[in-house]
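Structure first, then comments.
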Amino acid sequence: MAAPQGPSPIAYMERTRNYYEALGYGPPYRWAHHAEVPFAPLPGPLRSLTVGLVTTAAPYKADAGDQGPGAPYNAAAKFYAVYAVPSDTMPDLRISHVAIDRDHTTAEDIGTYLPLRALWGAAAGGRIGRLARRLYGLPTNRSQKTTTDVDAPALLEACRADGVEAAVLVANCPVCHQSVSLAARALETAGIPTVIMGAARDIVEHAGVPRLLFSDVPLGNAAGLPRDTASQDATLARALDLLETATAPRTTALNPIQWPGPADWRESYSNAARLSREEVAARRAAFDDGKRVAAGLRKTGGG
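Here numbering that gives the first Met the number 0 is used: the first residue of the sequence shown is 0, the next is one more, and so on.
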């Protein structure tokens, strides 16, 4: 007899399409899709390589309003260009600027979306050769052309400058998953092997990437469970294992961690069927406000 199957992961492309249709937007967004997937093997044992960390988290902006744990979506906190900061100290990076699952997680633990502490441990323990001197921020951009033509080349340039030989990319919101997928493809094409730590499996696999460690948890926790360093260390270890063991593109490994919160989190994320007419109107108004703020930042070069 076959083992019982667990709950099906959220189909994020379908869920977000239905959500924005309910809010009155259209036509549906077309997610990135590629039939061919580049694949770069490790250039040597992982214990001898320089590993880079790529995040979609945003540097804290003191003048941009609430960006703390439990903050509502904050378009003013967005950034629009690749950045690099030293990796030997913990930076103040937040994810209030993206569509994480705010009903079930608060982003109070940076280790759930930035596995920097875990990577320090991996370097100290000899699991990797060394951590690159900087970590890299990748904008989450609905424009696939901008990600492919502007952001991915800038990321590649920064990685090359620091001698990165393999990269770990961590996604947060649905569009983040697409952005890191496009960036991973660019790095792989240039000969830098990658692994994505993500929670939106369908988006990443639709885009087409070499390696994905999929964690079936609310968005914003792809690097492990909050206040659980053991799960964060184990999640990174599985991502590094995948870097070493994958032999072909489109390799997805399943992280066995389970979300400790309410069991219905999959059904409630951005589920328009669960919203009242008043809630739909309020979310439409909030989304329109966010778009105006973001457009202003892009126009003035903010972020």
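Even glycine gets a Cβ: it sits at the ideal position worked out from N, Cα and C. Fair warning: this is a prediction, and the values are worked out from it, not measured in the lab.
message: DSSP three-state label for PHE78, please.
response: Coil.
Spatial neighbours of LEU242 in its chain, beta-carbon cut-off 7 Å, leaving aside the 5 residues before and after: Cβ neighbours of LEU242 within its own chain (closer than 7 Å, five residues either side excluded): LEU41, LEU45, ALA165, PRO192, VAL194, ARG210.
task: Could you check how far apart the C-beta atoms of ALA10 and ASP263 are, in whole angstroms? I think they sit under 8 Å.
output: That pair is no contact at about 16 Å.
message: So, at 6 Å on beta carbons, what are the nonlocal neighbours of VAL161 in its own chain, with the 5 sequence-adjacent residues on each side left out?
response: The sequence shown places Asp at residue 161, rather than the Val named in the question. ALA131, ARG132, ARG133.
task: Can you check the stretch 74–130 for any beta strand (DSSP E) of at least 3 residues that lies completely inside it and give the ranges in chain order?
output: Complete beta strand (DSSP E) runs here, min 3: 82–85.
task: Just the C-alpha distance for ARG184 and HIS33, rounded to the nearest angstrom, thanks.
output: In this structure, the alpha-carbon of ARG184 lies about 10 Å from that of HIS33.
query: When you compare each of VAL179, CYS175, VAL169 to PRO152 by their alpha carbons, which one comes out closest?
result: Taking only the C-alpha atoms, the option nearest PRO152 is VAL179.
query: Does DSSP put LEU168 in a helix, a strand or coil?
result: Here LEU168 sits in strand by DSSP.
message: Looking at the secondary structure, which residues open and close the beta strand (DSSP E) in which VAL50 lies?
response: Here the beta strand (DSSP E) through VAL50 covers 49–54.
query: Can you tell me whether DSSP reads PRO58 as helix, strand or coil?
result: Taken through DSSP and simplified to helix, strand or coil, PRO58 comes out as strand.
- prompt: Looking at C-beta atoms only, is the number of pairs between the stretch 165–177 and the stretch 87–101 that lie closer than 8 Å three or more?
  reply: Yes, the stretch 165–177 touches the stretch 87–101.
query: What is the rounded straight-line gap between the Cα of LEU155 and the Cα of LEU186?
result: Taking the CA atoms as reference points, LEU155 sits about 6 Å from LEU186.
message: Is there a C-beta anywhere in chain B that falls below 8 Å from the one on LEU118?
response: Note that chain B does not occur in the displayed structure, where there is just one protein chain.
- prompt: Based on the DSSP secondary-structure assignment, which residues constitute the bridge partners of VAL194?
  reply: DSSP output for VAL194 lists VAL167 as bridge partner(s).
field: CB-CB length for THR111 against ASN254, believed under 8 Å
entry: Their Cβ separation, rounded to whole angstroms, is 13 Å, which puts THR111 and ASN254 out of contact at 8 Å.
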